[in-house]
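A.B. asks: Residue numbers (my numbering): 1 to 178.
All C-beta atoms in this analysis are idealised placements derived from N, C-alpha and C, irrespective of residue type, glycine included.
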Amino acid sequence: MTSTRTEQILQVLFPVKKQNARSVWMILDGARDERIYRYLKTCNLDYLCLYTGKLPIELQYVAPYLLELPSNSKTARELIDMAWGNNWGIFLSIDDFSKLRPHLRKFLKVKDESGKKLLFRFYDPRVMRVFLPTCSSEQLREFFGPIAIFHVEDDHGSMLKSFSFDGFKVSQDLVSLD
Numbered sequence: 001m002t003s004t005r006t007e008q009i010l011q012v013l014f015p016v017k018k019q020n021a022r023s024v025w026m027i028l029d030g031a032r033d034e035r036i037y038r039y040l041k042t043c044n045l046d047y048l049c050l051y052t053g054k055l056p057i058e059l060q061y062v063a064p065y066l067l068e069l070p071s072n073s074k075t076a077r078e079l080i081d082m083a084w085g086n087n088w089g090i091f092l093s094i095d096d097f098s099k100l101r102p103h104l105r106k107f108l109k110v111k112d113e114s115g116k117k118l119l120f121r122f123y124d125p126r127v128m129r130v131f132l133p134t135c136s137s138e139q140l141r142e143f144f145g146p147i148a149i150f151h152v153e154d155d156h157g158s159m160l161k162s163f164s165f166d167g168f169k170v171s172q173d174l175v176s177l178d
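(1) Among all the DSSP beta bridges, which residues are the ones paired with residue 157?
(2) Among residues of its own chain, excluding the 5 on either side of residue 30, which ones have a beta-carbon nearer than 7 Å to its beta-carbon?
(3) Report back the beta-carbon spacing between residue 114 and residue 148 to the nearest angstrom; my notes put them in contact at under 8 Å.
(4) Our contact map puts residue 117 next to residue 109 with C-beta atoms below 8 Å; I'd like the distance itself, whole angstroms only.
(5) Looking at residue 23: is its Cβ nearer than 8 Å to the Cβ of residue 78?
(6) For residue 151 versus residue 160, is the C-beta distance shorter than 8 Å?
(7) Closer than 7 Å: is that where the CB of residue 45 sits relative to any heavy atom of the ligand ZN?
(8) Out of curiosity, what's the CA-to-CA distance linking residue 27 and residue 90?
(9) Alpha carbon to alpha carbon, how far is residue 25 from residue 189? Give it in angstroms, no decimals.
(10) Under the three-state reduction of DSSP, which class applies to residue 16: helix, strand or coil?
(11) Would residue 12 pass as a contact of residue 158 if the rule is Cβ separation under 8 Å?
(12) For residue 3, does the three-state DSSP call read helix, strand or coil?
(13) Comparing alpha-carbon positions, which option in 132, 15, 40 lies nearest residue 75?
(14) In this structure, how does DSSP classify residue 102 when only helix, strand and coil are distinguished?
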């Protein structure tokens, strides 16, 4: 990926003009690439697994992880360079981290029409960019919770899609990446 593209993504995630800067988190989908777990173990950043309890090593490799991106850092640039275009996960802009992990955990399992429990991999950008536009206002209110903006890559990694919720409907901003 070009450094210009990475800089454009960072400008959207960390806007300079915002007075109350939001923290930016990424949910990394360990099932997408074996390098994700190794990256987390060596990046010197704190991360949290969205699953709880003592996990077998096989599950640790494929679990979803929550990681705060430090603004304007070499680490954030490296991660975006590796992840972008590979559907490694989604980015979240939030005001208050204290409720984030419990909130996200509520959506890891869902029931289908017959009541069967299923894993919901909402943190996969291919799922998120299709799911959000189909939600009702009530579903959006519940799903967004403490999250101000969901950021995902498009099908080709050539655009950054940012989804926000105004209390009634979801809005989508697109940034074309050079």
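C.D. replies: The short version:
(1) What you label residue 157 is simply residue 157 of the sequence shown in a count that begins at 1. DSSP lists no partner for residue 157.
(2) By 1-based counting over the sequence shown, the position of residue 30 is 30. These residues qualify, in order along the chain: 36, 37, 61, 62, 63, 64, 65.
(3) Taking the first residue of the sequence shown as 1, we reach residue 114 at position 114. Taking the first residue of the sequence shown as 1, we reach residue 148 at position 148. Actually they do not touch by this definition, with Cβ atoms about 35 Å apart.
(4) Counted from its first residue, the sequence shown places residue 117 at position 117. Counted from its first residue, the sequence shown places residue 109 at position 109. A Cβ-Cβ distance of about 5 Å is found for the pair residue 117 and residue 109, placing them in contact under the 8 Å criterion.
(5) Counting from one through the sequence shown, the residue named residue 23 turns up at place 23. Counting from one through the sequence shown, the residue named residue 78 turns up at place 78. Judged by beta-carbon spacing, residue 78 lies beyond the 8 Å limit of residue 23, meaning their Cβ atoms are not closer than that value.
(6) Along the sequence shown, read from residue 1 onward, the residue named residue 151 stands at position 151. Along the sequence shown, read from residue 1 onward, the residue named residue 160 stands at position 160. A contact, by the Cβ cut-off of 8 Å.
(7) Ligands in the displayed structure: none, and consequently the ligand ZN is not present.
(8) The count along the sequence shown starts at 1 and reaches residue 27 at position 27. The count along the sequence shown starts at 1 and reaches residue 90 at position 90. The C-alpha of residue 27 lies about 5 Å from the C-alpha of residue 90.
(9) This structure cannot settle anything about residue 189, because the visible part of the chain is limited to 1 through 178.
(10) As a working mapping, residue 16 is identified with position 16 in the sequence shown. Of the three classes helix, strand and coil, the one that applies to residue 16 here is coil, per DSSP.
(11) Taking the sequence shown and counting its residues from 1, the one referred to as residue 12 is at position 12. Taking the sequence shown and counting its residues from 1, the one referred to as residue 158 is at position 158. No, the pair does not count as a contact, with Cβ atoms beyond the cut-off.
(12) Against the sequence shown, residue 3 aligns to sequence position 3. Helix at residue 3.
(13) Counting from one through the sequence shown, the residue named residue 75 turns up at place 75. The shortest C-alpha to C-alpha distance from residue 75 to any of 132, 15, 40 is the one to 40.
(14) Position 102 of the sequence shown holds residue 102. Reduced to three states, the DSSP call for residue 102 is helix.
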